[in-house]
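Participant:
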Amino acid sequence: MKVVAINGSPRMDKGNTAMIVAPFIQGMTDAGSDVELFYTRRLKVKPCTCSEMFCWYSEPGECCIKDDMQLLYPKLREADILVLATPVYIPLPGDMQIIINRLCPLIEPFLETRKGRTRARFHDNVKIRKIVLVSTGGWWEKGNFGTVVRIVEELAEDASVEFAGAVLRPHAFLMKKEEELTKDGKAVVSAVRRAGYELIKEGGMNRETLETVSHPLISEEELRHRYNKALEK
201 MKVVAINGSP RMDKGNTAMI VAPFIQGMTD AGSDVELFYT RRLKVKPCTC SEMFCWYSEP
261 GECCIKDDMQ LLYPKLREAD ILVLATPVYI PLPGDMQIII NRLCPLIEPF LETRKGRTRA
321 RFHDNVKIRK IVLVSTGGWW EKGNFGTVVR IVEELAEDAS VEFAGAVLRP HAFLMKKEEE
381 LTKDGKAVVS AVRRAGYELI KEGGMNRETL ETVSHPLISE EELRHRYNKA LEK
């Protein structure tokens with residue numbers, strides 16, 4: 201099984217998102233999948249500016265903008281699973297949003313109505329059947345991920361594929377102390393790796409596993425106190 205993972209963090213392999221997506225990828229690899237990872241910051245991708253839906257009506261499936269997306273499109277067409285990994289940046293880092301927008305050539309403008317919403321679907325030559333979100337945030341609550349989750353859910357719905365779940369880690373920075381994983385941090389990493397394994401071997405991630413990934417490391421009051429105190433320095 202082929203997987204394309206895209207890390208949208210500007211901090212690339214140094215950020216909290218990498219700390220979570222790396223064990224997730226390892227879990228998928230342990231289960232036998234072939235995973236290819238891309239960093240949005242290393243890709244030279246322009247915003248969608250053609251203004252005429254060239255990829256739908258002029259040359260269906262082809263983008264008129266020639267940049268690094270031309271390298272990514274073939275990889276995406278051959279992937280069975282797409283993993284979007286991103287920090288919460290109210291709601292997304294700019295590079296990640298641009299790449300999501302540039303997925304339009306993969307979508308065929310054959311419209312149908314499902315549950316009261318107009319939807320399309322991937323072209324027949326696109327093998328992606330599942331889209332997964334891996335996301336990190338600095339604030340305490342899981343509710344902070346709501347908009348990001350909805351963006352990825354909508355992408356899956358618009359492409360007529362399965363949204364296979366969200367691996368969410370609030371206040372991810374507390375997984376480390378003095379650059380080393382804490383005991384709780386190690387437990388989270390272990391659960392993330394298990395989630396990646398389950399996705400490939402079982403076809404989905406267990407709710408208990410995802411809850412372990414997201415469970416609070418400290419109280420909301422304590423996090424707010426630490427954060428505000430740090431601002432006073």
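Residue numbers (my numbering): 201 to 433. Where is the CB? At the ideal position from N, CA and C, for every residue including glycine.
Quick one: which unbroken beta strand (DSSP E) runs of 3-plus residues sit fully inside the segment 226-262? Chain order, please.
Facilitator: Note on the segment 226-262: whole beta strand (DSSP E) runs with a minimum of 3 residues are 234-239, in chain order.
Participant: Are at least three pairs of beta-carbons, each pair with one atom in the segment 206-224 and one in the segment 255-266, less than 8 Å apart?
Facilitator: By the C-beta criterion, the segment 206-224 is judged not to be in contact with the segment 255-266, since fewer than 3 inter-stretch pairs fall below 8 Å.
Participant: For the candidate residues A320, A356 and V413, whose alpha-carbon lies nearest to that of V388?
Facilitator: V413
Participant: In three-state DSSP terms, what is K315?
Facilitator: coil
Participant: Grouping DSSP H, G and I as helix and E and B as strand, with all else coil, what is S360?
Facilitator: coil
Participant: Measuring CB atoms only, is the segment 343-354 touching the segment 372-386, in the sense that at least three cross pairs come out at less than 8 Å?
Facilitator: no
Participant: List the endpoints of the continuous alpha helix (DSSP H) containing A471.
Facilitator: The chain is shown only over 201 to 433; residue 471 falls outside these bounds and no answer can be derived.
Participant: Please list, in chain order, all residues of the same chain as R394 whose beta carbon is under 7 Å from its beta carbon, the five residues on each side excluded.
Facilitator: Excluding residues within five positions, the ones whose Cβ falls inside 7 Å are G227 and T409.
Participant: Using only CA atoms, which one of P305, D295 and E422 lies nearest to L284?
Facilitator: D295
Participant: Using C-beta distances below 6 Å, list every residue in its chain close to C250, excluding the 5 sequence neighbours before and after it, in chain order.
Facilitator: Counting only Cβ-Cβ distances below 6 Å, and skipping sequence neighbours, we find C264.
Participant: Straight-line CA distance for E402 to P210?
Facilitator: 32 Å
Participant: Who are A430's beta bridge partners in DSSP?
Facilitator: Answer by DSSP bridge pairing: none, since A430 is not bridged.
Participant: For I298 and T240, what's the separation of their Cα atoms in angstroms?
Facilitator: When only Cα atoms are considered, I298 and T240 end up about 9 Å apart.
Participant: By how many angstroms is the C-alpha of E312 removed from the C-alpha of T318?
Facilitator: 6 Å
Participant: One question on the structure: do V332 and V367 come within less than 9 Å of each other, judged by their Cβ atoms?
Facilitator: yes
Participant: Roughly how many angstroms separate the alpha carbons of V334 and E432, rounded to a whole number?
Facilitator: Going by C-alpha positions, V334 is about 32 Å away from E432.
Participant: Would the beta-carbon of L282 fall within 9 Å of that of V203?
Facilitator: yes
Participant: Would you call A372 buried or exposed, if buried means 16 or more other Cβ atoms sit within 10 Å of its Cβ?
Facilitator: buried
Participant: The beta strand (DSSP E) that contains T382, what's its start and end?
Facilitator: First-last for T382: undefined, no H or E at that position.
Participant: According to DSSP, simplified to helix, strand and coil, what is P309?
Facilitator: The DSSP-derived three-state label of P309 is strand.
Participant: Which stretch, first to last residue, makes up the beta strand (DSSP E) that contains S335?
Facilitator: Looking at the DSSP string, the run of the beta strand (DSSP E) that includes S335 is K330 to T336.
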